[in-house]
Every structure is written in structure tokens, then in C-alpha cells.
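Remarks on the structure that follows.
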Amino acid sequence: MHAQLSPIVAATAQWLVRAYPPGGGAVDHALVEAQARQAAGVAAALRYPTELDAALVAVTGAGGADRLDRVAGAAEDDAPWRSWVDEVVASWAACLLGEPDLAAAAVAVTADRSPAGHRRLLSPGERDLRAAALLRHPDLLAPVADLHRAELLAALAPDPRDPAVPA
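All residue numbers for the sequence shown refer to the working numbering, where the first residue is 566 and numbers rise by one.
Okay, structure coming up:
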């Protein structure tokens, strides 16, 4: 992931945590935040794959969380970080959090293909799953995930113009 994407990843993960909060205390909050950050990081790397893409979004901005708030039924506020929330990245992250197979496919095509670096996203433990019961619930994520699911699937699909890979 390109360094310019850090504010987008942080803000988008923060939005996800607030929209789908953990039920427990500080440890649960930290576990949910780690999962949201990993999902948002992979989604941002897919959405903005080149350094130029990352630089352009850093200059133009991410768009903000207003539409996401309406779709998810989340509380709106005027916090400045919310302007860095990227709707597509949030939607793609929601897809990855709700569909483990999709998350594995997404990590496999990003520049950082290390599953170890995405353990909480790809192989969450029982405590991770308990803490993130809302954040990983496919039915609750659906309104946000469905916003840009088709684009994510297209980004993960092999290009039909590529030569066939020998078996």
C-alpha cells in the first residue's frame, strides 16, 4: 500500500468501527479496529494500485462518509477525519469482512501478498470474531458492501486479454 493512502485507510477503518461497533471493552475495540484497518488497507491497495492513483486521491480527497452514513444508518457528525473516508474503499472493505473467500482473493492480488500481514482479516480467531460480530455480519454489511461489489469483483477478475496461464 502506498503511504499516501494512510489517511484514507485510517479514516475508512474508523468509519467502519463506528458504524459496526464492538460490543465489549478496549480489547474488543482494538481487535475490531485491527480487522477494519486490514480490510480497508487491502481495499485501498486494490482501488488505488499505482503510486499515481494514490497521489491523485491524496490531492483530490476521498469524498467523505455522508452517503455511507445514510446507507448504513450510522450516526453523522462533523469530525474532520470523516472527509477522508472513501466510499468505494469502505464498500470493498465491507465485502472483504463479510466474505472470507473474497478477502483471500483480494490479498492474493495486492502488492503485499503476505497472509501473515493480514491474519486478522483472513484467519480471525474466535475472540476476533466475537469482538467483530457486527463488523463481520454479512446481512448488516450488505447495504454498504453492495454499493460497489460489482467493481470489486471486476477488479479481482483476471483480464480476458491476458494470455492463458499454462497449467
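Heads up, the beta-carbon is just placed ideally off N, CA and C, and yes, glycines get one too.
| Query | Result |
| --- | --- |
| Contact under 7 Å by Cβ, A604 with A637 | no |
| Cβ pair A671, L712 closer than 7 Å | no |
| Nearest residue (CA-CA) to R632, options V709, E716, R714 and A719 | V709 |
| Among L621, V597 and G690, nearest to A575 - alpha-carbon criterion | V597 |
| Residues near V622 in its chain [Cβ-Cβ closer than 6 Å; skip 5 each side] | Y613 |
| CB contact below 7 Å: Q603 versus chain B | Reference to chain B is not applicable here, since this structure consists of a single protein chain. |
| Same chain, Cβ closer than 7 Å to V730, five either side skipped, listed in chain order | The predicted model places V730 with a pLDDT of 41, which falls under 50 and marks its position as unreliable, so this point remains unresolved. |
| Buried or exposed by the 16-neighbour rule on C-beta atoms within 10 Å, applied to T577 | buried |
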